[in-house]
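If you're matching positions, the sequence shown starts at 14 in our numbering and goes up one per residue. We put the beta carbon where it would ideally sit given N, CA and C, even for glycine. What follows is one structure encoded as structure tokens, with my remarks underneath.
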Amino acid sequence: MDKHPFPRIDKDEELQHLLIPFCRMSKGDTWIDDQNGHKVACGSSDDSQTVSSLFGAEKATLAIHDPPYNFIAFQNMTADEYAEWCKVWIDLTDKVFADDASLYVWLGADQTNHFEPLPNFMLMMQKTGFDSRSYITMRNQRGYGTQKNWMSIRQELLFYSKGSPLFNIESVYTEIPKVLRGYYKEVNGEVTENLARSKSDNIRAGNVWVDIQQVFHLRDENVNGCYAQKPVKSIERIVNVSSSKGDLVTDFFSHAGTTLLACEKNDRRCFTIDINPVYCEISIRRLERFRKSGNLGWQNSNPFIEEIKKNRKLKNYLNKKYKLNY
14 MDKHPFPRID KDEELQHLLI PFCRMSKGDT WIDDQNGHKV ACGSSDDSQT
64 VSSLFGAEKA TLAIHDPPYN FIAFQNMTAD EYAEWCKVWI DLTDKVFADD
114 ASLYVWLGAD QTNHFEPLPN FMLMMQKTGF DSRSYITMRN QRGYGTQKNW
164 MSIRQELLFY SKGSPLFNIE SVYTEIPKVL RGYYKEVNGE VTENLARSKS
214 DNIRAGNVWV DIQQVFHLRD ENVNGCYAQK PVKSIERIVN VSSSKGDLVT
264 DFFSHAGTTL LACEKNDRRC FTIDINPVYC EISIRRLERF RKSGNLGWQN
314 SNPFIEEIKK NRKLKNYLNK KYKLNY
């Protein structure tokens with residue numbers, strides 16, 4: 014099997030420039046899916062015109078945002094400035110929300126720098142109209158760290174809501190079977206244990222997720238070129254718990270198009286945004302690839318392999334800078 018790896022797009026402006034001719038969208042454009050009604054807008058998540066044009070009079074019942082929170086994202090911002098920037102797109106999310114809606118935000122915590130920007134974001138959210146619901150941690154199978162600190166293997170997910178949104182309790186169960194007895198308590202005068210009281214033979218997911226595989230290069234859903242993409246299974250869990258079939262879900266930071274793909278798989282519509290035409294193109298191509306082949310990503314290839322093979326300038330650039338031969 015051919016292997017066609019791809020470098021991180023976000024770190025290479027020249028590579029982005031070389032890929033732009035192969036993108037069907039420019040800033041200000043909106044791609045509309047004529048099959049299931051999804052939309053991809055190329056614009057900024059903090060731009061009211063971009064958001065209002067995308068939604069029109071439609072309202073979303075669920076938002077799953079994964080903003081750039083790695084240290085590149087706010088090299089030119091303090092953590093407080095970053096939180097203020099977040100407040101802009103949080104307010105815009107509120108404007109396109111139904112009266113009853115759920116908001117999930119993935120956010121990092123730099124354990125060597127006062128856990129920024131997580132606490133700054135949390136404090137900012139106190140000033141909004143959203144209610145805090147849960148602080149979820151997804152455990153990575155691999156992590157990073159030094160010999161002088163605990164290995165960092167967690168990703169943070171904050172759950173907020175407005176009104177009284179849906180919470181599908183039947184969709185919270187994992188694939189992990191219940192095998193241990195215990196946790197006895199009296200119910201209606203009878204002492205029972207947790208297996209007897211259970212609604213499922215499987216363990217219910219709490220606010221620590223240990224059953225979802227981290228995305229890396231060997232996974233089918235891997236999208237070479239994208240950084241720190243979230244597992245499809247994690248987004249599907251959110252979609253199935255906090256929305257119903259036919260609902261409108263939004264994601265203001267499309268990146269690898271994972272929310273779009275999860276909505277396609279689970280009969281929801283997705284309106285998503287990305288400021289970079291390259292990521293908009295990747296999102297659309299990922300949806301199209303899934304519909305054509307059932308593949309969730311490009312495990313051994315990348316979204317632009319056919320263009321690379323035919324474009325000498327792009328091929329030479331990748332060979333010269335990254336020693337990649339196609």
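Inter-residue CB distance, residue i and residue j (contact presumed, cutoff 8 Å)
i	j	result
V236	W311	6 Å
P309	D224	One detail in the question is off: residue 309 reads as Leu in this sequence, not Pro. No, L309 and D224 are not in contact; Cβ-Cβ is about 18 Å, not under 8 Å.
C36	E301	In fact, because the Cβ distance is near 14 Å, the residues do not count as touching under 8 Å.
K258	R281	7 Å
D93	N133	6 Å
W222	T150	7 Å
I22	C239	7 Å
Y117	I251	5 Å
Minimum C-alpha distance to residue i - residue among the options
i	options	result
Q139	A96, T43, Q226 and M38	A96
D264	K336, V254, I288 and K258	I288
R146	N253, D260, L170 and G156	L170
I77	L273, D25, N338 and N332	L273
L231	V204, I182, S314 and V254	S314
D46	N338, R155, R250 and I297	I297
V192	E71, N215 and A275	N215
D107	K175, Y330 and G270	K175
S256	Y173, L75 and K322	L75
P244	N253, D260, Q226 and V252	Q226
F128	S247, R167 and K72	R167
Cβ neighbour criterion (16 or more within 10 Å) applied to residue i
i	result
F303	buried
Q62	exposed
S115	buried
T159	exposed
T91	exposed
V262	buried
D113	exposed
F172	buried
A70	exposed
Proximity test, Cβ basis, 8 Å: residue i and chain B
i	result
T187	Judged by its chain identifiers, the structure shown contains no chain B, having just a single protein chain.
Strand pairing of residue i, partner residues [DSSP]
i	result
D264	T285
H78	V118
F229	In DSSP, F229 forms no bridge with anything.
W311	V236
M151	Q168 and W222
V64	DSSP, once it has assigned bridges, lists no residue as partnering V64.
Y186	R217
Q: Ignoring anything shorter than 3 residues or poking outside the segment 88-148, list the beta strand (DSSP E) runs there in chain order.
A: 110-120
Q.
Just to confirm the assignment: which complete alpha helix (DSSP H) runs, minimum length 4, are found wholly within the segment 16-57?
A. 26-32
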